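As they're listed, the protein sequences go chains A and B. The numbering of the first sequence is the numbering used here, which starts it at 42 and goes up by one. The numbering of the second sequence is the numbering used here, which starts it at 42 and goes up by one. We treat Cβ as the ideally placed atom computed from N, Cα and C, and that holds for glycine. Keep in mind it's a predicted model, so treat the numbers as computed, not measured. What follows is a short report on a single structure.
There are 2 protein chains.
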Amino acid sequence: MSLTVIRYHRGMGRWEPNAHGRLEQAAIELYIERGFEQTTVAEIAKVAGLTERTFFRYFVDKREVLFWGAGALQELLVKTVLDAPRSEGPISVISAAIQAAGAVFQERREGVLLRQRVIGANPELQERELIKLAFLATALADALRKRGVKEPSASLSAEAGIAVLKIAFQRWVREAGSHDLGQLIRDLFAELKTVTES
Amino acid sequence: MSLTVIRYHRGMGRWEPNAHGRLEQAAIELYIERGFEQTTVAEIAKVAGLTERTFFRYFVDKREVLFWGAGALQELLVKTVLDAPRSEGPISVISAAIQAAGAVFQERREGVLLRQRVIGANPELQERELIKLAFLATALADALRKRGVKEPSASLSAEAGIAVLKIAFQRWVREAGSHDLGQLIRDLFAELKTVTES
C-alpha cells in the first residue's frame with residue numbers, strides 16, 4: 042500500500058485499526074461457511090464491523106481478498122533470485138527462491154490452509170491460482186535473465202521451479218501442513234534431477 | 042464429435058457441408074480483422090453463409106472456436122503415454138507425447154499461427170490457454186500413474202513436459218513457425234536435463 046493511500050484513509054477520519062486483517066478474516070470465515078459465490082461484500086463488511094465503503098478501500102472485489110498476497114510473494118521470489126551469489130547456477134537460484142516462498146507459507150500455515158479450503162471448493166478460483174502461478178514463472182524467468190542467464194535455460198528453470206512449488210504445495214495442503222513444506226520442496230528438486238536424468 | 046450429434050444435424054434437414062470449418066475460418070478472419078471482443082456470433086455466421094443457430098450447434102460460444110481442438114490434443118497426449126513401450130521411463134514417455142503434439146501443430150502450421158495471433162492479442166484468451174495447459178499436465182500425470190509411475194515422479198514429469206511444450210511453442214510462434222517444432226521440443230528436453238544436473 043502506498044503512503045498516499047494510508048494518508049487518505051487517515052485523513053478521511055474513518056481509519057479503523059487493522060481493517061485489512063478484520064475484513065480478510067471475516068471474508069474467509071464467510072467463504073468457508075456459506076461458499077465464496079454466496080457471500081456478498083455487504084456481509085463481509087458487516088461481520089468485520091466495517092462499511093462496504095471501507096472494504097473497497099482495501100480490496101477491488103471479494104476475489105482479491107484471497108489473492109492480495111500474490112504481489113508480495115512475487116517480490117520475495119524475484120528478490121531472492123536477484124540477491125543470490127553470482128556463482129550459483131539457475132536451478133539452484135530458483136530452488137532458493139521457491140524455498141523462500143515455502144517458508145512463508147509454512148510460517149502462515151493456518152491462514153494459508155483456510156484460504157486453500159476456499160480456493161479448492163471453487164473452480165474459478167482454482168483457475169485464478171493457476172494464472173498467478175504462470176505469472177510467477179514469467180517473473181522468475183525475467184529475474185534470471187537479469188542475472189545473465191540465457192534462454193531457454195532461464196524459462197526452463199523458472200517453469201521447473203513453479204512446477205515443483207505447485208506439486209509440493211498441493212501435497213502439503215492435502216496433508217494439512219503436517220510435512221515441512223521446505224523439505225517437500227528440496228525433495229522435489231532432487232526428484233526432478235533423478236527424473237530428467239533417466 | 043459423437044455419432045449422435047452428426048445424426049441430429051443431418052436429421053434436422055439443415056445439414057451444411059463443412060459448416061464447422063466454414064464457421065471456424067470466418068471466426069478467425071473476423072477475430073484478426075476486428076478483434077475477438079468486437080466480433081459477434083451473428084457476424085461470424087453471416088460471413089460463413091450460415092445461421093447463428095447453426096453456429097450454436099457446433100460451438101458453445103465464440104471462445105470455443107479457438108479451443109475446440111483441446112480435447113483431441115489431450116486424447117493424443119494421453120494415448121501416446123499409454124501406448125509407449127513398458128521399458129520407457131516417465132520423462133522419455135512424456136517427451137514422446139509432447140513431440141506427437143508438436144507434430145500436429147507443425148502439420149497445421151498456418152491455422153495454428155493465425156489462432157495464436159488472436160490469442161496473443163487478448164489477455165483473457167491467454168489465460169484460457171494457460172488453464173488448458175494445466176489441464177493437460179493433470180491428464181498426462183494421470184496417464185503416467187496408469188502405467189504404474191509413482192508420485193511425485195508422475196506429476197513432475199508431466200509438469201516438466203508441459204513446461205517444455207509451452208516454451209517451445211512460444212518460441213516457434215514468435216519465429217512464425219520457421220523452426221521445426223519437434224526439433225525445438227527435443228532440444229528443450231536435452232536442455233532441461235543439463236539445467237537440472239547443474
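Just mark B:LEU123 as buried or exposed, buried being the case when its beta carbon has 16 or more other beta carbons within 10 Å.
-> exposed
So, is the C-beta of A:PRO193 closer than 9 angstroms to a C-beta in chain B?
-> yes
Under the rule that 16 or more other beta-carbon atoms within 10 Å means buried, what is A:GLN79, buried or exposed?
-> exposed
Tell me whether A:ALA182 is buried or exposed, calling it buried when 16 or more other Cβ atoms sit within 10 Å of its Cβ.
-> buried
Determine the closest residue to B:ALA184 out of B:LEU117, B:PHE77, B:GLN224, with distance taken between C-alpha atoms.
-> B:LEU117
Would you identify the three-state DSSP class for B:VAL101, choosing helix, strand or coil?
-> coil
Alpha-carbon to alpha-carbon, B:LEU155 and B:ALA74 | A small fix is needed here, since residue 74 of chain B is Glu in this sequence, not Ala. Using only the alpha carbons, I get a separation of about 11 angstroms.
Which chain A residues sit within Cβ distance under 9 angstroms of B:ALA162?
-> Simply none; closest approach about 18 angstroms.
Outcome for B:PRO193 when other beta-carbon atoms lying within 10 angstroms are tallied against a minimum of 16 | buried
Kindly list, in the order they appear in chain A, the residues whose Cβ is closer than 7 angstroms to that of B:ALA175.
-> LEU171
Counting only beta-carbon atoms, is A:VAL46 nearer than 9 angstroms to chain B?
-> Since pLDDT at A:VAL46 reaches only 42, below the 50 mark, its modelled position is unreliable, and no value is offered.
Short check: CB of B:ALA83 to CB of B:ALA67, under 9 angstroms?
-> no
Simplified DSSP assignment, three categories, for A:TRP109 = coil
With distances taken Cα to Cα, identify the nearest neighbour of A:GLU165 among A:THR92, A:GLY76, A:ASN59.
-> A:GLY76
Are there 16 or more other CB atoms within 10 angstroms of the CB of A:GLY143, so buried, or fewer, so exposed?
-> buried
Closer than 9 angstroms, CB to CB, is B:THR235 near chain A or not?
-> yes
At a CB-CB cut-off below 7 angstroms, which residues of chain B make contact with A:SER196?
-> ILE208
How would you list, in chain order, the residues of chain A whose beta-carbon sits under 9 angstroms from the beta-carbon of B:ALA68?
-> None at all; the shortest Cβ gap to chain A is about 23 angstroms.
When Cβ atoms are compared, which residues of the region 124 to 135 of chain B fall closer than 7 angstroms to chain A?
-> GLY130, PRO131, ILE132
Run through the region 193 to 226 of chain B for me and flag every whole beta strand (DSSP E) of 3 or more residues, listed as ranges in chain order.
-> none
Between B:VAL101 and chain A, is there a C-beta pair that is closer than 9 angstroms?
-> no
Output yes or no for whether 9 angstroms exceeds the beta carbon distance between B:ILE160 and B:GLU151.
-> no
Report the neighbours of A:ALA184 on chain B: residues whose CB is nearer than 9 angstroms to its CB, in chain order.
-> Here the premise fails: no neighbours, minimum Cβ distance about 16 angstroms.
Which same chain residues, not among the five before or five after B:ALA137, have their C-beta less than 7 angstroms away from its C-beta?
-> THR121, ALA125
Indicate whether at least one CB of chain A lies closer than 9 angstroms to the CB of B:LEU229.
-> yes
For B:LEU179, the first and last residue of its enclosing alpha helix (DSSP H) | It is worth fixing the name first, because residue 179 of chain B is Thr in this sequence and not Leu. That run of the alpha helix (DSSP H) goes 164 to 187.
In chain B, which residues lie with their C-beta within 8 angstroms of the C-beta of A:SER219?
-> Per Cβ cutoff of 8 angstroms: no residues; A:SER219 is ~17 angstroms from chain B at best.
Candidates A:ILE226, A:ALA89, A:ARG104, A:GLU93: which alpha carbon is nearest A:ALA204's?
-> A:ILE226
Using a Cβ-Cβ cut-off of 7 angstroms (strictly less than) and excluding sequence neighbours within five positions of B:TRP213, which residues of its own chain qualify?
-> HIS220, LEU222, LEU225
Alpha carbon to alpha carbon, how far is A:ARG215 from B:PRO58?
-> 50 angstroms
A:VAL134 to A:ILE208 span [Cα, whole Å] = 19 angstroms
Can you give me the start and stop residues for the alpha helix (DSSP H) that B:GLU65 sits inside?
-> 60 to 75
Excluding the 5 residues preceding and the 5 following A:GLU129 in the sequence, name in chain order all residues of the same chain whose CB lies nearer than 8 angstroms to its CB.
-> ALA137
Would you mind sorting B:THR95 into buried or exposed? The rule is 16 or more other CB atoms within 10 Å of its CB.
-> buried
Indicate whether B:VAL145 and B:LEU114 have their beta-carbon atoms separated by less than 9 angstroms.
-> yes
C-alpha gap between A:SER43 and A:GLU105, whole angstroms = Only weak support is given to the placement of A:SER43: the predicted model assigns it a pLDDT of 42, under 50, and the value that follows is read from those uncertain coordinates. Each residue's alpha carbon lies about 17 angstroms from the other.
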